[in-house]
Amino acid sequence: MEFHRPGRSADIDGWPKPARIVIFVGDGECMMRKTYGGMIAFLVLIAVAEGAKEWTTTSVEEMELAWAVEDGELLLRVSAPTAGWVAVGFEPSRAMADANILIGFVDGSDVTVEDHFGNGMFSHREDLSLGGTADVTVIAGTESDGRTELEFSIPLDSGDEFDRVLEEGRLTKVILAWGSNDNVGRKHRMRHSTEITL
1247 MEFHRPGRSA
1257 DIDGWPKPAR
1267 IVIFVGDGEC
1277 MMRKTYGGMI
1287 AFLVLIAVAE
1297 GAKEWTTTSV
1307 EEMELAWAVE
1317 DGELLLRVSA
1327 PTAGWVAVGF
1337 EPSRAMADAN
1347 ILIGFVDGSD
1357 VTVEDHFGNG
1367 MFSHREDLSL
1377 GGTADVTVIA
1387 GTESDGRTEL
1397 EFSIPLDSGD
1407 EFDRVLEEGR
1417 LTKVILAWGS
1427 NDNVGRKHRM
1437 RHSTEITL
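Here the sequence shown stands for residues 1247 to 1444, numbered as in the working numbering.
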């Protein structure tokens, strides 16, 4: 059985983290109850999103960024009008230099988000290639009608020298960008910057 649940609905505004799914399977097609071998089985599907937080959202041109802080983690949802890569970076010193950059894309059913560091004003490299660590957890991703959306989380303080320490309640400089294809090494088509309070 395969099904899809919207990332946002009237019930819960997105999955705050991988949800706990409880599934009971019954014998036969009756979804309420079925007696089999003296046992009563039920078919129940319960999706529990633990500790859902209120998301804050901002838009810059046609890009959207939403965030929430939970248990030392920054939950992020970023989208752009592209079928290519999408990126968000935190606390650059100048242009993209020194920024903690999260960049990713959707390829069919595969969702990729990489942890990069702005190693120059106009360049970035994956933390792993610099001797750092990959401090990002992918939650979900979609590509539909020419728009890509990624949902993931990062630690506020990963301890990695190639990540920036982020603080809840602090004004934080953010850079946003997107590319025309899934090659994260290709130059962006659009780049924006803004400030948000985490």
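Cβ atoms here follow ideal geometry from the backbone N, Cα and C, with glycine treated the same way.
In this text the structure is predicted, and so the values were computed from the model without any measurement.
Closest to T1379 by C-alpha separation, out of G1366, D1356, D1403 and I1385, would be which residue?
Checking every option, the nearest Cα to that of T1379 belongs to D1403.
Segment contact, 8 Å Cβ cut-off, at least three pairs: the segment 1366 to 1383 with the segment 1323 to 1332
A contact between stretches requires three or more CB pairs, one per stretch, nearer than 8 Å, and the segment 1366 to 1383 fails this requirement with the segment 1323 to 1332.
Looking at C-beta atoms only, is the number of pairs between the segment 1401 to 1420 and the segment 1332 to 1343 that lie closer than 8 Å three or more?
Look at the beta carbons and you see the segment 1401 to 1420 touching the segment 1332 to 1343: at least three pairs across the two are nearer than 8 Å.
Could you have a look at S1375 and say whether DSSP puts it in helix, strand or coil?
When secondary structure is reduced to three states using DSSP, S1375 falls in the helix class.
Nearest to R1437 by alpha carbon, out of G1431, A1312 and G1425?
From the listed residues G1431, A1312 and G1425, the smallest Cα separation to R1437 is found for G1425.
Nearest-angstrom Cα separation, counted from F1363 out to D1408:
Contrary to the premise, residue 1408 reads as Phe rather than Asp in this sequence. Answer to the nearest angstrom: the Cα atoms are 6 Å apart.
Unbroken stretches of the beta strand (DSSP E), 3 residues or longer, contained in the segment 1367 to 1433
Complete beta strand (DSSP E) runs here, min 3: 1369 to 1372, 1383 to 1390, 1393 to 1401 and 1417 to 1424.
Measuring CA to CA, which of D1353, V1359, A1312 and F1368 is closest to D1344?
Closest option to D1344, Cα to Cα, is F1368.
Let me know the secondary structure DSSP gives W1313 once reduced to three states.
For W1313, the three-state secondary structure derived from DSSP is strand.
Quick one: using the 10 Å Cβ neighbour count with 16 as the cut-off for buried, is T1302 buried or exposed?
That one is exposed.
Looking at the structure shown, is G1335 part of a helix, part of a strand, or coil, going by DSSP?
Taken through DSSP and simplified to helix, strand or coil, G1335 comes out as strand.
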